[in-house]
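Below: one structure, written as structure tokens.
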Amino acid sequence: MQVLLTEEDLTLKDSIESFVLEQTEKEVNLRNLWQSLYKKSFICQDNSLLKNILLTESICSINPGIGLFLLTQFACIEIIKSFANDNLKTQYLDKLISGKHIACFALTEPNAGSDVTSIQTTAKQKDNSWIINGHKIWASNGSIADIFITFAQTKEHRDKSGITCFLIQRQETGDKKQELEILPDTPKLGVKITPSNEIKFKDLKIDSNSMIGQIGDGIKIALSSITTGRIFCAAQACGLLTGCLKESVKYSSKRNQFGKAISDNQAIKWYIADMTKDLDAARLLLYKATWAKENKTEEVNKLSSMAKYFSTSRAAIHANKAVQIQGGAGLRESSFVANAYRDAKVLEIYEGTNEIQKVVTSKELGLY
Ligand SMILES: Cc1cc2nc3c(=O)[nH]c(=O)nc-3n(C[C@H](O)[C@H](O)[C@H](O)COP(=O)(O)OP(=O)(O)OC[C@H]3O[C@@H](n4cnc5c(N)ncnc54)[C@H](O)[C@@H]3O)c2cc1C
Numbered sequence: 001m002q003v004l005l006t007e008e009d010l011t012l013k014d015s016i017e018s019f020v021l022e023q024t025e026k027e028v029n030l031r032n033l034w035q036s037l038y039k040k041s042f043i044c045q046d047n048s049l050l051k052n053i054l055l056t057e058s059i060c061s062i063n064p065g066i067g068l069f070l071l072t073q074f075a076c077i078e079i080i081k082s083f084a085n086d087n088l089k090t091q092y093l094d095k096l097i098s099g100k101h102i103a104c105f106a107l108t109e110p111n112a113g114s115d116v117t118s119i120q121t122t123a124k125q126k127d128n129s130w131i132i133n134g135h136k137i138w139a140s141n142g143s144i145a146d147i148f149i150t151f152a153q154t155k156e157h158r159d160k161s162g163i164t165c166f167l168i169q170r171q172e173t174g175d176k177k178q179e180l181e182i183l184p185d186t187p188k189l190g191v192k193i194t195p196s197n198e199i200k201f202k203d204l205k206i207d208s209n210s211m212i213g214q215i216g217d218g219i220k221i222a223l224s225s226i227t228t229g230r231i232f233c234a235a236q237a238c239g240l241l242t243g244c245l246k247e248s249v250k251y252s253s254k255r256n257q258f259g260k261a262i263s264d265n266q267a268i269k270w271y272i273a274d275m276t277k278d279l280d281a282a283r284l285l286l287y288k289a290t291w292a293k294e295n296k297t298e299e300v301n302k303l304s305s306m307a308k309y310f311s312t313s314r315a316a317i318h319a320n321k322a323v324q325i326q327g328g329a330g331l332r333e334s335s336f337v338a339n340a341y342r343d344a345k346v347l348e349i350y351e352g353t354n355e356i357q358k359v360v361t362s363k364e365l366g367l368y
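The opening position of the sequence shown corresponds to residue 1 in our numbering, with each subsequent residue numbered one higher.
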């Protein structure tokens with residue numbers, strides 16, 4: 001089993017990093033960033049999952065918050081590739097891969113977070129259309145999205161066998177705007193660069209061909225997408241840890257106190273040694289989960305949950321230490337480690353909280 005990277009993979013990571021460093025010198029525009037990655041062929045139609053994971057990891061070592069934007073776009077592309085009808089594939093796939101269109105994944109609701117089966121958004125069939133009503137929260141990429149992949153209950157009595165997936169195209173015209181209301185970006189602790197939005201559907205009418213999969217396939221589609229999302233989230237955490245490690249080595253060897261570099265103190269060396277060990281372990285789990293997904297093994301659920309849980313919990317611990325190593329300098333608003341510290345906390349929550357990852361892992365062992 002190939003879990004380690006080849007020379008070619010490592011070269012790819014380096015070239016993505018150099019390219020993105022140039023791009024992120026200016027203020028980052030997420031759509032432009034995706035489009036430029038596409039133009040440089042870092043993103044292509046036939047990219048392997050591993051290539052997209054390495055791309056995410058590299059970018060997140062420079063700016064971890066971008067990971068959520070990438071994760072969402074990649075996850076929505078996968079939903080369309082795997083479950084949409086040919087018509088929707090023709091209409092949207094190329095546009096999403098090239099970055100002409102940006103996608104949003106809207107599942108979570110005020111009363112349906114960890115328990116996604118309790119969503120209350122409804123979809124009712126009328127002639128050749130679906131009428132959607134509901135309220136979504138925490139929808140990543142909401143304010144910049146052209147299309148929305150969402151989930152609604154199609155049965156009168158709440159039952160997960162009625163949950164169905166839909167694709168909604170953003171409407172621009174006056175009246176229609178009220179049917180699809182995207183609230184202003186939700187201010188949040190970290191991962192600020194990727195917008196998070198509440199979305200309201202009020203008697204929104206969409207074509208019956210806009211259903212993805214069949215009636216009742218919603219949970220299957222959502223869980224498949226979240227499994228992939230967890231691997232991207234692990235890549236995001238590994239990137240964040242890489243950035244923290246680089247910053248910690250650089251800062252601690254330059255900063256002198258008591259007549260020597262602070263890295264000469266055992267306390268600081270141990271922080272950095274622990275960071276290095278956990279980053280390596282997190283990467284092994286990340287690449288193993290990626291391999292499992294690409295090879296459709298039975299272990300993929302367990303591995304993606306373990307990779308997400310391990311890497312994000314380690315990211316939170318070590319981003320804290322990375323700030324500690326820099327003392328006051330690490331608290332400056334603009335410092336990489338201060339942002340990584342905030343971002344890391346957020347990573348422990350989305351794509352399923354870390355408690356839920358443990359629930360998934362135990363279930364896979366037959367414990368529930
Ligand atoms: C920045 C950000 C981006 C997001 N992006 C998206 C997105 O693009 N699309 C989308 O649909 N959603 C998105 N989400 C929503 C995210 O998936 C949910 O926040 C997450 O699943 C947790 O749901 P909740 O916040 O309602 O917490 P709750 O489910 O209310 O959980 C609260 C606490 O209870 C614990 N808990 C709940 N159930 C159990 C259990 N069975 N066992 C043990 N502990 C449990 C949780 O672990 C947590 O600690 C995003 C969230 C954030 C913060």
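Backbone N, C-alpha and C fix where the C-beta goes; we use that ideal spot for every residue, glycine too.
Open item on the list: Starting from F166, trace the beta strand (DSSP E) in both directions and tell me its first and last residue.
Closed with: Indexing the sequence shown from 1 puts residue 166 at position 166. 163 to 169 is the span of the beta strand (DSSP E), which, as asked, contains F166.
Open item on the list: Relative to the C-alpha of A152, which candidate in K192, I212, N63 has its C-alpha closest?
Closed with: Taking the sequence shown and counting its residues from 1, one reaches residue 152 at position 152. Its Cα nearest to that of A152, the residue I212 stands out among K192, I212, N63.
TODO: Kindly indicate which residue of Y309, I226, F19 has the alpha-carbon position closest to the one of N63.
DONE: Indexing the sequence shown from 1 puts residue 63 at position 63. Among Y309, I226, F19, the Cα nearest to that of N63 is on F19.
Task: Through-space distance from I102 to Y251, alpha-carbon basis - done: By 1-based counting over the sequence shown, the position of residue 251 is 251. By 1-based counting over the sequence shown, the position of residue 102 is 102. Using only the alpha carbons, I get a separation of about 37 Å.
Open item on the list: Going by DSSP, what residue range makes up the alpha helix (DSSP H) through F74?
Closed with: Looking up residue 74 in the sequence shown gives position 74. Note, F74: alpha helix (DSSP H), 66 to 83.
Task: Contiguous alpha helix (DSSP H) assignments of at least 4 residues, all confined to the stretch 28 to 68 - done: Here the runs fully enclosed are 30 to 39, 49 to 60.
Task: DSSP three-state assignment for K358, whether helix, strand or coil - done: Here residue 358 corresponds to residue number 358 of the sequence shown, with the count starting at 1. Three-state DSSP puts K358 in a helix.
- [ ] Measure the Cβ-Cβ separation of N295 and F201 and say whether it is below 8 Å.
- [x] Locating residue 295 in the sequence shown gives position 295, counting from the first residue. Locating residue 201 in the sequence shown gives position 201, counting from the first residue. If you check the CB distance, N295 and F201 do not come in under 8 Å.
- [ ] Compute every distance between the C-beta of S304 and the non-hydrogen atoms of ligand 1, then say whether any falls below 7 Å.
- [x] Start at 1 with the first residue of the sequence shown, and residue 304 comes out as number 304. S304 Cβ: outside cutoff for every heavy atom of ligand 1.
Task: Among S210, K160, E109, the one whose alpha carbon lies nearest that of D86 - done: Indexing the sequence shown from 1 puts residue 86 at position 86. Nearest of S210, K160, E109 to D86, Cα basis: S210.
TODO: Please classify T164: is it buried, with 16 or more other beta-carbons within 10 angstroms of its beta-carbon, or exposed?
DONE: Along the sequence shown, one-based indexing puts residue 164 at 164. By the 10 Å Cβ count, T164 comes out buried.
Task: Outcome for Y309 when other beta-carbon atoms lying within 10 angstroms are tallied against a minimum of 16 - done: Within the sequence shown, residue 309 is the residue found at index 309, counting from 1. Taking all protein chains in view, the Cβ of Y309 is crowded by 16 or more other Cβ atoms within 10 Å, so the residue is classified as buried.
Open item on the list: Is it buried or exposed, R318, if we count other Cβ atoms within 10 angstroms and call 16 or more buried?
Closed with: Counting from 1 along the sequence shown, the entry for residue 318 is found at position 318. In the sequence as displayed, the identity of residue 318 is His instead of Arg. Around the C-beta of H318, 16 or more other C-beta atoms lie within 10 Å, and the residue is accordingly described as buried.
- [ ] Using 7 Å as the cut-off, classify the Cβ of V346 as near or not near the heavy atoms of ligand 1, replying yes or no.
- [x] Within the sequence shown, the letter at position 346 stands for residue 346. Yes, since a heavy atom of ligand 1 falls inside the 7 Å radius drawn around the Cβ of V346.
Task: Collapsed DSSP secondary structure at L5 in the structure displayed - done: To locate residue 5, count along the sequence shown from 1; it is residue 5. Note: L5 maps to coil in three-state DSSP.
Open item on the list: Let me check understanding here. Comparing Cα to Cα, which of I59, L55, T154 lies closest to S129?
Closed with: Here the question's residue 129 lines up with position 129 in the sequence shown. Comparing Cα-Cα distances from S129 to each of I59, L55, T154, the minimum goes to T154.
Task: H318 - containing alpha helix (DSSP H), residue span - done: The sequence position of residue 318 within the sequence shown is 318, counting from 1. Segment 300 to 326, the alpha helix (DSSP H) holding H318.
Task: Option nearest F83 by Cα separation, candidates L71, D217, I131 - done: Residue mapping note: residue 83 aligns to position 83 of the sequence shown, counting from 1. For the residues L71, D217, I131, the minimum Cα distance to F83 belongs to D217.
Open item on the list: Tell me which residues share the same chain as G99 and place their Cβ nearer than 7 Å to its Cβ, disregarding the 5 neighbours each side in the sequence.
Closed with: Locating residue 99 in the sequence shown gives position 99, where the first residue counts as 1. Apart from sequence neighbours up to five positions away, the residues of its chain that approach G99 with a beta-carbon distance below 7 Å are R31, W34, Q35, Y38, ordered along the chain.
Open item on the list: Give me, in chain order, the residues of the same chain whose beta-carbon lies closer than 7 Å to that of Q178; leave out the 5 immediate sequence neighbours on both sides.
Closed with: Working through the sequence shown from its first residue, we reach residue 178 at position 178. In chain order, K202 place their CB closer than 7 Å to the CB of Q178, counting only its own chain and leaving out the 5 sequence neighbours on each side.
- [ ] Pair every Cβ in the stretch 64 to 80 with every Cβ in the stretch 343 to 358, then say whether three or more of these pairs are closer than 8 Å.
- [x] Segments in contact, yes.
TODO: Tell me T150's beta-bridge partners as DSSP assigns them.
DONE: Taking the sequence shown and counting its residues from 1, one reaches residue 150 at position 150. Paired residues: A106, F166.
Open item on the list: If I measure Cβ to Cβ from I226 and keep anything under 7 Å in the same chain, skipping five residues before and after, which residues do I get?
Closed with: For the purposes of this step, residue 226 is identified with residue 226 of the sequence shown, where counting begins at 1. E351, G352.
TODO: For L367, name the three-state secondary structure that DSSP assigns.
DONE: Along the sequence shown, one-based indexing puts residue 367 at 367. In the structure shown, L367 sits in coil (DSSP, three-state: anything other than H, G, I, E or B).
TODO: Flag Y350 as yes when its Cβ comes closer than 7 Å to any non-hydrogen atom of ligand 1, and as no otherwise.
DONE: Here residue 350 refers to the residue found at position 350 of the sequence shown. Taking 7 Å as the cut-off, the C-beta of Y350 counts as close to a heavy atom of ligand 1.
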